[in-house]
Structure formats: structure tokens, C-alpha cells
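Protein chains in written order, with the numbering used here: chain V, 61 to 357; chain U, 217 to 419. A virtual CB, placed ideally from N, CA and C, is assigned to each residue, including glycine. So the structure is just underneath, and the comments pick up after that.
In C-alpha cells form, the structure reads like this:
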């Protein structure tokens, strides 16, 4: 019976570790991946909008020389607030499923103004073909703007579907991990009700194991994934994603360390208390022994 | 002392049990998610810049067959046209970054020495191919690659539409170098024509 209790306690400890893992994973998804405000905050921290601005201007500059237009024609075609609005539109598409709406019209208007001003200032007489070439060029520049922000409309729609799936799974999981932790914690205590210190040891071992799992997982990820050399579509997206991944890994590492410490302290405390109790029992036995001998006679 | 030993023993026992739990979980994850792990590994490999893959192996040409092709974006030759004072690096591949840096080698065409069409493109900037239209028939064109030097002689030139790809044919019967740039040279905005120079291999 005792052996069975120990086996069930061990299995419960193992399931407790899994429950803690599910709880952490669900929390990560809910508070980071599915939280639009968190993503926006991280974008500000990693200067995402500024990087996109630089990328767009850099792609415009590559057309500048070959266009034959004076230096500066392709500068200041967009503002920081336009970039922020457009990025926000994409985030809304990913999280809320709304249509993406970009500021390409405003870019086109500014470009029209600058090129027309240049042509007028040079008193150029353009042929129909020349005018058509200029229109094509303007379309190329506007497309560059759109493509640098909206890398893939289909991709963002797909991302929205994935976000919705995660949301539904997370909602379904709900409070289940908490319930599992409570149930199996209570089961361990019940099975070891005549030796609560053993129950404390089992629970502490679970927490220690969970901490080790986190630390080892983070170590494996850091060793196998070359985070600093990842390239995801553009540098702005790469830097943004890597920042979040590094923050999550650091958080996991800290939680792991804390759990390992708490687990070890729990085990040591349980063993220390057990030792103290045994000492006390031994003392009492020594006191009672002479009286027992007398009674036996 | 005995008490401390007992505590240490209990702690070690717990650590071992905890570690065994971790091993069991990892084994389950690897067993259940084998395919997913392999897919994630593959995707990570694709999106990681492999610094060791920088072109360090030199291409070699033997009997018209080139081995160890240059990788996209690497410089593998210098284009020299003495009559117009041109000396520009040649990069394998064509994108805006390459075109702003020198001559782009069209990936669909062959390499010098392979006996087929070689297509080079460059912007009509003063620093790159603005003087290409000033070439005359008989002018020498030298391609100094990291596997050999090849000399061509200009046999003709044409102005074609940007969509006239038949005027820049890719074939393997005869080694021919074709260099093109946007036309007209001083165009504003998008150029719909190209100035092409055709040259045959001399040595």
C-alpha cells in the first residue's frame, strides 16, 4: 500500500511539472503573442517604425540615381506618422482581421508634386512616351513603399488565422492548468497525509524539475539557434522578433532559476524538519523507555 | 554531521528525480513532435545567415565546364573596356544593390569560358555604363575573373525595347558576351529601352 502511494505520488509529481509547463506556455501566449498592446510596446522599444522608415528611404535611394531626377526628389515622401498609421493598420489586420489600408495615396501625391515641380522648373517638353515612363516610375516608387510595409497581404491574413486559432486554444485551456496544479498538489498531500513532509518533498521536487526544464530548454535554444544571425524578411521585422524572443528566453531563464532555488529550499527544509522531528521522537522515546521497562515487569 | 549528510543525500535524490522528470518530458516531446522539430530545424537553417558559406572556394574551369559557381551577390570578375576607360567589378546576380555597385551578371546566362551567352547589365550612370554607346566595332572587352582572363571583341550594338528578350538570346552554341544599359543615357524616370553591345570571344 505504501509502495502504491509512493508510485502515485511520483506520477502526480510528474503531472504537476507538466501542468506548470502548460500554465507557463498559456500565459506566454496570452500576455505576449495575443496582446496587441504588448506587441506595439515592443515595436516602440526596438525602434521598429524608424527602421522601416530607413528601409523605405534606402529602397527609394536605389532608384534615385537611375531616375535622372535631382537629389532629394525621392526624400520626404512620407512622414513618421504615416508609417505608424500603416503599421497599426497591419497589426489590426493580424489581430482583428480588418482590411489593410496604407498611405500610398499620400506618397503618390507628394511624388507627383515634386516631379511636376522639377519638370516645370526645367521647362521640359515631354513626349507621350516620356510621360508614360514617368507614370511607370511613380508607380514603381509607390509599390516600393507599399511592399516595404505590407510585405505580404496573404501572409498577414494567414497570421490572423493563426492568431485566432491560438486565441481559441488558449480560451479552451482557460483555467485547466491551474486546476491540474491544484488537483495533483492536493492528491500528493492526501496520499501523504500521515507524512506531510514527504508531500512537501514531492511538491518541491516538481518545482525543482520545472525549473530545470526551463533552464535546460533555454540553454538548448540559445546553443542551437543563432539568434543574432537570423533573417526574417526585413531587418526591422528580424530585430523586432529577436528582441521579443530574447526577452522571453531571459524571463524563462529567471523563472527557471527561481523555481530551482525554491524547489531545492523546499527539499532541504522538508529534510531538515524531518530530521528535527526524528530527533524529538528519539528524545521522547528515551524518556519513556525506563517507564516501559518498569511496566513490563 | 550525520544530519547534514542526510540533508545532502535527500537534496541529491530530489535533483536526480527532478532530472529524470526532465529527461522523460524531453523524450516525450522528441517522440511525439519528431516531424515538427525537423521542420522547425529546417526553417531555422533557411533563415539563418551561414557566415561560413561566404564564397571562399574559387571556381575552376576545365574543358568548358565550370565548377564551384560563385554565390549570389559575390564579386567574381572585373570588366575592362580600355577604349571607354571602363573598369568595373562584376557580381553574380542582379538586384538594385548590385546594380548600384557595378556590373550584374544575369543568373540565367552562362559564365565566361563555358561557351554560351554571357549577359552583363549595368546602370547608365557616369560611373558605370554611361559611355557604353561610345564603343566602336573592334573594341576589346576584357573580363578578368578569379578563374581566368577572357578577351572579347565588339561586333555590334543595338537599341532594343526592355521586353525584347529575343535580342539578348541565351544559347550554348557560341560564346558571346552581351552588355546592356538603360537607354537613353540621360533619361528621366523609367527607361523602356536598352542599349546592347554584342561581343565575340577572341581568347
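Does the CB of residue i have a neighbour CB from chain V at under 8 Å?
i	result
residue 321 (chain U)	no
residue 260 (chain U)	yes
residue 408 (chain U)	yes
residue 254 (chain U)	no
residue 316 (chain U)	yes
residue 264 (chain U)	yes
residue 337 (chain U)	no
residue 405 (chain U)	yes
residue 160 (chain U)	The question about residue 160 (chain U) has no answer, for chain U in this structure spans 217 to 419.
residue 237 (chain U)	yes
residue 240 (chain U)	yes
residue 347 (chain U)	no
So residue i and residue j are in contact, right, with Cβ under 8 Å, and what is the actual spacing, rounded?
i	j	result
residue 160 (chain V)	residue 294 (chain V)	At roughly 16 Å, the Cβ-Cβ gap does not stay under 8 Å, so residue 160 (chain V) and residue 294 (chain V) are not in contact.
residue 296 (chain V)	residue 108 (chain V)	6 Å
residue 326 (chain U)	residue 372 (chain U)	Not quite, the Cβ-Cβ distance comes to about 20 Å (not below 8 Å), so this is no contact.
residue 113 (chain V)	residue 140 (chain V)	7 Å
residue 324 (chain V)	residue 77 (chain V)	Not confirmed; about 15 Å, so no contact.
residue 388 (chain U)	residue 331 (chain U)	6 Å
residue 202 (chain V)	residue 167 (chain V)	6 Å
residue 198 (chain V)	residue 171 (chain V)	5 Å
Can you name, in chain order, every residue of its own chain whose Cβ lies under 7 Å from the Cβ of residue i, other than the five neighbours on each side?
i	result
residue 69 (chain V)	248, 251, 252, 262
residue 408 (chain U)	377, 378
residue 213 (chain V)	160
residue 416 (chain U)	368, 369, 371, 392
residue 260 (chain V)	326, 330
residue 149 (chain V)	160, 161, 162
residue 303 (chain U)	294, 296
Checking contacts by CB at 8 Å: is residue i closer than that to chain U?
i	result
residue 74 (chain V)	yes
residue 342 (chain V)	no
residue 279 (chain V)	no
residue 209 (chain V)	no
residue 272 (chain V)	yes
residue 77 (chain V)	yes
residue 261 (chain V)	yes
residue 196 (chain V)	yes
residue 294 (chain V)	no
For a test of the three-state rule: what should DSSP assign to residue i, helix, strand or coil?
i	result
residue 288 (chain U)	coil
residue 345 (chain U)	coil
residue 305 (chain U)	strand
residue 333 (chain U)	strand
residue 83 (chain V)	helix
residue 107 (chain V)	coil
residue 61 (chain V)	coil
residue 397 (chain U)	strand
residue 361 (chain U)	strand
residue 406 (chain U)	coil
residue 76 (chain V)	helix
residue 373 (chain U)	strand
residue 367 (chain U)	strand
residue 282 (chain U)	strand
residue 94 (chain V)	coil
residue 321 (chain U)	strand
residue 187 (chain V)	coil
residue 138 (chain V)	coil
residue 411 (chain U)	strand
residue 293 (chain V)	coil
residue 294 (chain U)	strand
Can you say whether residue i is buried or exposed, counting buried as having 16 or more other CB atoms within 10 angstroms of its CB?
i	result
residue 340 (chain U)	buried
residue 319 (chain V)	buried
residue 238 (chain V)	exposed
residue 265 (chain V)	buried
residue 244 (chain U)	exposed
residue 336 (chain U)	buried
residue 218 (chain U)	exposed
residue 391 (chain U)	buried
residue 227 (chain U)	buried
residue 269 (chain U)	At residue 269 (chain U) the pLDDT is 43, less than 50, meaning the model places this residue with poor confidence and gives no usable figure here.
residue 73 (chain V)	buried
residue 133 (chain V)	buried
residue 298 (chain V)	buried
residue 249 (chain U)	exposed
residue 394 (chain U)	buried
residue 293 (chain U)	buried
Is there at least one non-hydrogen atom of the ligand ZN closer than 7 Å to the beta-carbon of residue i?
i	result
residue 221 (chain U)	Only the bare structure without any ligand can be found here, which leaves the ligand ZN out of the picture.
Quick one: what's got a C-beta closer than 6 Å to residue i's C-beta in the same chain, skipping five residues either side?
i	result
residue 338 (chain U)	319, 344, 345, 397
residue 258 (chain V)	252
residue 269 (chain V)	77
Which residues in the same chain as residue i place their Cβ atom closer than 8 Å to its Cβ, once the five residues preceding and following it in sequence are excluded?
i	result
residue 310 (chain U)	320, 321, 322, 323, 337
residue 88 (chain V)	308
residue 278 (chain V)	309, 312, 313, 316
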